[in-house]
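All remarks here apply to the structure that follows.
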Ligand SMILES: Nc1nc2c(ncn2[C@@H]2O[C@H](COP(=O)(O)OP(=O)(O)O)[C@@H](O)[C@H]2O)c(=O)[nH]1
Ligand SMILES: [Mg+2]
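Residue numbers (the UniProt record's numbering): 1 to 450.
Below you can see the structure in the form of structure tokens.
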């Protein structure tokens, strides 16, 4: 996502990074390139113009002109302006004072509404909420089926009305109203209403969503938009917002080769916060939208915070303490090593993870990172017996040969793994000493080295 924009901004900044000072000439040149990068990314013309004017103002400031590192000054100014453009601060979902919280999801057909409803249900569940999803896209039986399938996958109840023949009820407003009543009755604290979209903004569709809004009085209206549709996304957002006065925007398909213009223009044109970004078809491919993190990604500064959060999802505190104890007492064995590897793998593809580390972002893009980088290590540990995993020192020559054979590798590979493992253990011992007694090691520190 934003790859082209990132590259072009990088190129625009490269020239000025080499310069000793910021001067009128290189400001003008850089700003021209930055503006072109934004326009190429399909950013709204006025937005791009305002953006460059503001950055120019900041860097022309006398103090900045004296600065020793103009490249950094530019990066900072552009970063700050991007953060501002993306909405400045993260805005959470609204919550009803008295449950259930009603969330209405609207947008054009194919924008990703139904998928998002499934993702949001999973997201809320992970936060301890108990959502009910409502199938108010009543025109195609397949739409109801789709939501039912997604709901089953995330193990959340779905509310729909069908007749004896299985044909969905045609009155979307009734479905929405009864879903809210059902949530009250069954003690679900959140209702997610999936609605029908059309290919284009049309009156009948708007009237229906407006009627659902009137009837259910939602705490949160989310407008879902396909980021790949560029400037159209901004126009559609405007149309929906005019009718519905939405609370937030959800950008989908940011995983594709979207040029990013929608993400960058929507906030300032519609003046509503982007609350979520959807980045894939899988149900866990949803992230809360944080302007600063997104700006850092665009500028290839990595996304440490997301990285750390991903790590925290995988490692709970109790387990971290157990590990810490093992490091201290040197009980950490190959089985533990194997388990930790699995967790790191669960955090996402290796390339994605590397991309979140500052300074690495751009570099890994070219690399053909093998997602199976751990495959050898895994295969070797898998072909060891539990005894051998717990006692790597007992792996003599014949055992090593057997393990290598079992993994389809060479004895050198076993030797290399054992050497790496010994070195890691040594390092962990030192680290756990540094951590001091009684304090749990934060596993993310191991990963980020912070
Ligand atoms: N690549 C990608 N595909 C998505 C994303 N969100 C939804 N889709 C796909 O887009 C298509 C339309 O999604 P759907 O949820 O049915 O859209 P709706 O008509 O608005 O309900 C489906 O094939 C989804 O799998 C996303 O974030 N990334
Ligand atoms: Mg749908």
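Quick reminder that beta carbons are idealized off the backbone N, C-alpha and C, glycines included.
Residue i (DSSP reduced to helix, strand or coil)
{"i": "residue 449", "result": "Because the pLDDT of residue 449 is 40, which lies under 50, any placement of that residue in the model is unreliable, and the question is left without a value."}
{"i": "residue 272", "result": "coil"}
{"i": "residue 278", "result": "strand"}
{"i": "residue 374", "result": "coil"}
{"i": "residue 198", "result": "coil"}
{"i": "residue 140", "result": "coil"}
{"i": "residue 236", "result": "helix"}
{"i": "residue 222", "result": "strand"}
{"i": "residue 74", "result": "helix"}
{"i": "residue 386", "result": "helix"}
{"i": "residue 530", "result": "There is no way to answer for residue 530, as the model of the chain reaches only from 1 to 450."}
{"i": "residue 51", "result": "helix"}
{"i": "residue 150", "result": "helix"}
{"i": "residue 209", "result": "helix"}
{"i": "residue 89", "result": "coil"}
{"i": "residue 192", "result": "strand"}
{"i": "residue 159", "result": "strand"}
{"i": "residue 169", "result": "coil"}
{"i": "residue 325", "result": "helix"}
Distance cut-off 6 Å: residue i Cβ against heavy atoms of ligand 1
{"i": "residue 278", "result": "yes"}
{"i": "residue 109", "result": "yes"}
{"i": "residue 397", "result": "no"}
{"i": "residue 149", "result": "no"}
{"i": "residue 255", "result": "yes"}
{"i": "residue 18", "result": "no"}
{"i": "residue 197", "result": "yes"}
{"i": "residue 281", "result": "yes"}
{"i": "residue 287", "result": "no"}
{"i": "residue 252", "result": "yes"}
Contacts around residue i, its chain only, beta-carbon distance under 7 Å, and the 5 residues preceding and following it disregarded
{"i": "residue 179", "result": "132, 134, 159, 191 and 193"}
{"i": "residue 210", "result": "243 and 244"}
{"i": "residue 87", "result": "267, 273, 274 and 291"}
{"i": "residue 218", "result": "102, 103 and 104"}
{"i": "residue 182", "result": "132 and 159"}
{"i": "residue 27", "result": "56, 59 and 60"}
Whole-number beta carbon distance between residue j and residue i, since they are thought to touch under 8 Å
{"i": "residue 223", "j": "residue 107", "result": "6 Å"}
{"i": "residue 102", "j": "residue 116", "result": "The Cβ separation is near 16 Å, so there is no contact."}
{"i": "residue 93", "j": "residue 220", "result": "5 Å"}
{"i": "residue 189", "j": "residue 99", "result": "4 Å"}
{"i": "residue 112", "j": "residue 343", "result": "Actually they are not in contact, since the Cβ atoms of residue 112 and residue 343 sit about 29 Å apart, beyond 8 Å."}
{"i": "residue 119", "j": "residue 283", "result": "5 Å"}
{"i": "residue 479", "j": "residue 334", "result": "Outside the shown range of the chain (1 to 450) lies residue 479, about which nothing can therefore be said."}
{"i": "residue 85", "j": "residue 51", "result": "6 Å"}
{"i": "residue 56", "j": "residue 31", "result": "5 Å"}
{"i": "residue 260", "j": "residue 5", "result": "5 Å"}
{"i": "residue 137", "j": "residue 195", "result": "6 Å"}
Cβ-heavy atom distance, residue i to ligand 2, below 6 Å
{"i": "residue 114", "result": "yes"}
{"i": "residue 145", "result": "no"}
{"i": "residue 137", "result": "yes"}
Where the alpha helix (DSSP H) through residue i begins and ends
{"i": "residue 131", "result": "Here residue 131 belongs to no alpha helix (DSSP H); instead the beta strand (DSSP E) covers 131 to 136."}
{"i": "residue 175", "result": "172 to 186"}
{"i": "residue 298", "result": "291 to 298"}
{"i": "residue 118", "result": "113 to 126"}
{"i": "residue 41", "result": "Residue 41 -> no alpha helix (DSSP H), and no H or E assigned at all."}
{"i": "residue 346", "result": "334 to 346"}
{"i": "residue 164", "result": "Unbroken run through residue 164: none, as it is neither H nor E."}
{"i": "residue 227", "result": "Neither: residue 227 is in no alpha helix (DSSP H) and is coded neither H nor E."}
{"i": "residue 403", "result": "397 to 407"}
Nonlocal neighbours in the same chain, by C-beta distance under 6 Å from residue i, ignoring five residues either side
{"i": "residue 265", "result": "43, 44, 47 and 234"}
{"i": "residue 290", "result": "90"}
{"i": "residue 206", "result": "243"}
{"i": "residue 96", "result": "219"}
{"i": "residue 33", "result": "12"}
Spatial neighbours of residue i in its chain, beta-carbon cut-off 8 Å, leaving aside the 5 residues before and after
{"i": "residue 177", "result": "215 and 216"}
{"i": "residue 110", "result": "197, 199 and 226"}
{"i": "residue 409", "result": "376, 379 and 380"}
{"i": "residue 201", "result": "108, 236, 239 and 240"}
{"i": "residue 421", "result": "334, 337 and 392"}
{"i": "residue 153", "result": "118 and 283"}
{"i": "residue 401", "result": "411"}
{"i": "residue 39", "result": "45 and 48"}
{"i": "residue 442", "result": "Because the pLDDT at residue 442 is just 47, under 50, the model does not fix this residue reliably, and the point stays unresolved."}
Bounding residues of the beta strand (DSSP E) (the contiguous stretch that carries residue i)
{"i": "residue 19", "result": "It is not in any beta strand (DSSP E) - residue 19 carries neither H nor E in the DSSP assignment."}
{"i": "residue 287", "result": "286 to 288"}
{"i": "residue 103", "result": "101 to 106"}
{"i": "residue 249", "result": "248 to 252"}
CB contact below 7 Å: residue i versus chain E
{"i": "residue 37", "result": "Checking the listed chains, one finds no chain E in this structure; it contains a single protein chain."}
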